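Student: Residue numbers (the numbering used here), protein chains in the order written: chain P, 1 to 210; chain U, 1001 to 1210; chain R, 2001 to 2210; chain E, 3001 to 3210. Glycine is no exception: its CB is placed at the ideal position from the N, C-alpha and C atoms. Nothing here was measured: the structure is a model prediction, and the numbers come from that model. Next up is a structure, given as structure tokens.
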DNA sequence: AATGAATGAGCTTTCATTCAT
DNA sequence: TATGAATGAAAGCTCATTCAT
């Protein structure tokens, strides 16, 4: 085939990435051979290397896509004026997004990316920026809440943001292990925690201002 | 049969496990070769196979040791009569335990075990029982708190327990990525969350009983 | 059939051969990929195969071109009546021709053709005829010189011709390795050898005839 | 097999080198696969890599062995007081050495090393030092001959040494191409050339001193 | 005639495991 | 028990060539 449309090239890349995602989810990065990916994609070994430089490159490409998708999902979820509302929305959006059969492959691959990041600086970079972005957003919202008195004033906003991030990460992990896990009750529990913080803040506020 | 003392055997096993832990932490399971472990341990390839059946076996052995150690650390941390106190103690003990340079290797290996569990039923079993045990303890404590009115009555105790577990898992992950992370402020933030729940429960209680 | 002028075809062939020569000189036959040649030539992979049947075919084509050029350079260099003069002219022409920056690529490729000839009967044929032609000319001239008494009568003319060929081949090799080698002093040394033979013949002659 | 004698290791290395030499002579470096070498050596693929780091490494090892053997063969061949005698001895020893069926493999591999040297700095280094050593010896002998009047005074000793080296290199090449080539008549022709130089020197001397 | 994405056999190298000593 | 050289299947990747457009 001669010169081919840009769209064709993009579609091929995605075809390969989808195949790789399926293989990685099923067998992990290291137990997946190039043959597996090639077979799953319906292409040839050579074709793969037209689109990706190496096996590692496709892991990085997947990490980047994952990061992009997650960032997009969160974009604009923190616009609520009230910071507790903002946190609630963020929790619902980010956690709710995981309750999706189509995300199952991604959850499994995400856990592997966490491990892979420990070895590969490039993947670490991408993976970390998937944490640092939300962490910043959360820290800002929490700090605002503390200033406004809708959140308890004591704990460091950055540390609290990390706790929120952990609540997300832990769900990813637990769901990867147990696909049928009930996400909605998990979200309810998280919302109860947020409500608790709001209540405590209100109490502290009334004491302060009372 | 130049029989050798039981102690000698145990010591050799631990020598190999320490070597494997160091290698796995440094390079990951899959990038670590048997040669690496053998070299690090100061033994020979043949000797390794006297003590472990395979490369996978040592991963499982490490998972089991990790599980055992964690279980021991938590044992008896939930004895407080008051359930919020019990949760507070559990948080301090489990999270505080991570704030330890010597645990650094373990944190990195733990994250890899999470990924590995997705592929290997044996590791999944061990890893899951490292989650299920604490989950049961937490669920009991939380259910008790709800009955006694020291925790808000709404959310499912099991789901809330999962949120607590997530707070632990997320810290392991974040610390693996960022060894210098400030654990004490993280713990403070967690305690503030628990305090919030207690406050909210107290409020709900007074409304109910008032 | 968008037929194209003969000249166009010839020009394309030479364009490709020049590209191949450059690549082969730079990286050797085996380290040069078709992609390299295609890129260097500014054509497409498909276009290459319109003009040459295979990668090997272009090596053969280069060998043939090399052979043709060398034969042309030597043609008519042996016309001197006196055989020592003829040898001197042959030496000056053939060796002098090498002292040329433009020949540098060819020298490097020639050495590779020598090696390649050992594997490929077709290249051996072409390469050998590049030796056998001159060998015949030299043998004739030397035999004549011996008959006429201008060269010492002892050694086999064919063997002496081979020594002359070796003097040429060795220079090609040494220049390929050391592009800045001083060819003119090399030629002087060769001429001194020829002069020595002439002197020895003259002495022998005077003894015989005296 | 456990710890094994030094001799065993050396023998294995030589076993592999012999196998590689046979393969390279037969099919060239690039057409020889590791499988070929492994099969010829009677060992396994893994065993090869216990003794050599790569396919390239064995080419270098062969180049080094070749260099060593040649240097040894020439050592002490230039001790004759008279420089023409010394040159004669050098010619007989170095050229005569090639007239040996066992050397056939080496001749073919040598020609390939010449080509390989153009690409690989390490092989170039080894190969070049196989030329530079003899060149130095020859230059010294020739310069001495010129001082003593046993060789014609005109040409640069270094250049003349290169001509001598070429006579050797050309024979290697011609023999590689034509195994049945008559070396003894080639040597005779070379000796006649040397005799010619001696005669010319004697003549020049008598003119000068006469 | 020209394109260049696609092919897939075949390459070099690795490494978990074994077993003669 | 301990050794470490040996094994060989299987890995990731390359590249000469083809052919639909």
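(1) With a 10 Å radius around its C-beta and 16 neighbouring C-beta atoms as the bar for buried, classify residue 1162 of chain U as buried or exposed.
(2) Skipping 5 residues on each side, what residues in its chain have a beta carbon closer than 6 Å to that of residue 2043 of chain R?
(3) Consider the Cβ of residue 2169 of chain R: report whether some Cβ of chain E lies at a distance smaller than 7 Å.
(4) Cα separation between residue 1037 of chain U and residue 1019 of chain U?
(5) DSSP on residue 30 of chain P, reduced to helix/strand/coil?
(6) Please report the distance separating the alpha-carbon of residue 1151 of chain U from that of residue 1055 of chain U.
(7) Just the C-alpha distance for residue 2189 of chain R and residue 3158 of chain E, rounded to the nearest angstrom, thanks.
(8) So with CB distances below 7 Å, who are the chain U contacts of residue 143 of chain P?
(9) Please state whether DSSP places residue 1052 of chain U in a helix, a strand or coil.
(10) Roughly how many angstroms lie between the CA atoms of residue 153 of chain P and residue 1165 of chain U, to the nearest whole one?
(11) Checking contacts by CB at 7 Å: is residue 173 of chain P closer than that to chain U?
(12) Give the DSSP-derived three-state secondary structure of residue 1196 of chain U in the structure shown.
(13) To the nearest angstrom, how far is the alpha carbon of residue 3096 of chain E from that of residue 2005 of chain R?
(14) Using a Cβ-Cβ cut-off of 7 Å, state whether residue 2108 of chain R counts as contacting chain E.
(15) Between residue 2146 of chain R and chain E, is any beta-carbon pair separated by less than 7 Å?
(16) Tell me whether residue 1193 of chain U is buried or exposed, calling it buried when 16 or more other Cβ atoms sit within 10 Å of its Cβ.
(17) Let me know if residue 2210 of chain R comes out buried or exposed under the rule of 16 or more other beta-carbons within 10 Å of its beta-carbon.
(18) The alpha helix (DSSP H) with residue 109 of chain P in it runs from where to where?
(19) Could you tell me which of E:3047, E:3063, E:3050 sits nearest to residue 3021 of chain E, measuring between CA atoms?
(20) Quick check on residue 11 of chain P - is its C-beta less than 7 Å from some C-beta in chain U?
(21) Residue 30 of chain P versus chain U: which residues are under 7 Å apart at the beta carbon?
(22) Does residue 169 of chain P pass the burial test, meaning 16 or more other C-beta atoms within 10 Å, or should it be called exposed?
(23) Grab me the residues of residue 2017 of chain R's own chain with a C-beta within less than 8 Å of its C-beta, minus the 5 sequence neighbours each way, in chain order.
(24) Got a sec, what are the start and stop residues for the alpha helix (DSSP H) residue 1172 of chain U sits in?
(25) Give me, in chain order, the residues of the same chain whose beta-carbon lies closer than 7 Å to that of residue 2023 of chain R; leave out the 5 immediate sequence neighbours on both sides.
(26) For residue 146 of chain P, which residues of its own chain have a beta-carbon under 7 Å away from its beta-carbon, when the five flanking residues on both sides are left out?
(27) Return the first residue and the last residue of the alpha helix (DSSP H) that residue 98 of chain P is part of.
(28) Taking DSSP as the reference, what is the three-state secondary structure of residue 3059 of chain E?
(29) Return yes when the Cβ of residue 25 of chain P is within less than 7 Å of the Cβ of residue 144 of chain P, no when it is not.
(30) Would residue 2154 of chain R count as contacting chain E if we go by Cβ distances under 7 Å?
(31) At the 7 Å Cβ level, is residue 3196 of chain E part of the contact set with chain R, yes or no?
(32) Assign residue 184 of chain P to one of two classes, buried (16 or more other C-beta atoms within 10 Å of its C-beta) or exposed (fewer than that).
(33) Should residue 2035 of chain R be flagged as near chain E, meaning a C-beta pair shorter than 7 Å?
(34) Note down, in chain order, every chain P residue with its Cβ under 8 Å from the Cβ of residue 1112 of chain U.
(35) Using only the alpha-carbon positions, how far apart do residue 1029 of chain U and residue 114 of chain P sit?
(36) Among the residues of its own chain, which have a CB less than 6 Å from the CB of residue 172 of chain P, if the five just before and after it don't count?
Tutor: Quick answer:
(1) The residue is buried, with at least 16 neighbouring Cβ atoms inside 10 Å.
(2) Result list for residue 2043 of chain R: empty, nothing under 6 Å.
(3) Yes, contact with chain E.
(4) Annotation: residue 1037 of chain U to residue 1019 of chain U spans about 6 Å, alpha carbon to alpha carbon.
(5) Coil, per DSSP.
(6) Roughly 46 Å separates the two Cα atoms.
(7) A straight-line Cα-Cα distance of about 9 Å links residue 2189 of chain R and residue 3158 of chain E.
(8) Going along chain U, no residue has its Cβ under 7 Å from residue 143 of chain P, so there is no contact; the nearest lies around 13 Å.
(9) Assignment of residue 1052 of chain U by DSSP, reduced to helix, strand and coil, places it in the coil class.
(10) Linking residue 153 of chain P to residue 1165 of chain U through their CA atoms gives a straight-line distance of about 25 Å.
(11) Put simply, the CB of residue 173 of chain P is near chain U, with a gap under 7 Å to one of its CB atoms.
(12) Helix at residue 1196 of chain U.
(13) If I take the Cα positions, the gap works out to 56 Å.
(14) At a cut-off of 7 Å between beta carbons, residue 2108 of chain R contacts chain E.
(15) By this cut-off, residue 2146 of chain R is not an interface position.
(16) Here residue 1193 of chain U is buried. Its C-beta has 16 or more other C-beta atoms within 10 Å.
(17) Any reading at residue 2210 of chain R must be qualified, since the residue scores a pLDDT of 44, below 50, and its modelled position is unreliable; no value is offered.
(18) Unbroken alpha helix (DSSP H) run through residue 109 of chain P: 104 to 117.
(19) Each of E:3047, E:3063, E:3050 was checked against the Cα of residue 3021 of chain E, and the nearest Cα belongs to E:3063.
(20) No, residue 11 of chain P does not count as interfacial toward chain U.
(21) Residues of chain U passing the Cβ test: 1030.
(22) That one is buried.
(23) Excluding its 5 nearest sequence neighbours in each direction, residue 2017 of chain R has C-beta neighbours in its own chain below 8 Å: 2058, 2061, 2062, 2065, listed in chain order.
(24) If you look at residue 1172 of chain U, you'll find it in the alpha helix (DSSP H) that goes 1157 to 1177.
(25) Contacts found: 2032, 2036, 2037, 2040.
(26) Contacts found: 153, 157.
(27) Start and end: 83 to 98.
(28) Helix.
(29) Taking the C-beta atoms as reference points, residue 25 of chain P is found no nearer than 7 Å to residue 144 of chain P.
(30) Yes, its Cβ sits closer than 7 Å to a Cβ of chain E.
(31) Closer than 7 Å to some Cβ of chain R, the Cβ of residue 3196 of chain E qualifies, so yes.
(32) So residue 184 of chain P ends up on the exposed side.
(33) No - not a single Cβ of chain E is within 7 Å of the one on residue 2035 of chain R.
(34) When 8 Å is used as the limit between beta carbons, residue 1112 of chain U is near these residues of chain P: 115, 118, in chain order.
(35) For residue 1029 of chain U and residue 114 of chain P, the distance between alpha carbons rounds to 14 Å.
(36) 107, 110.
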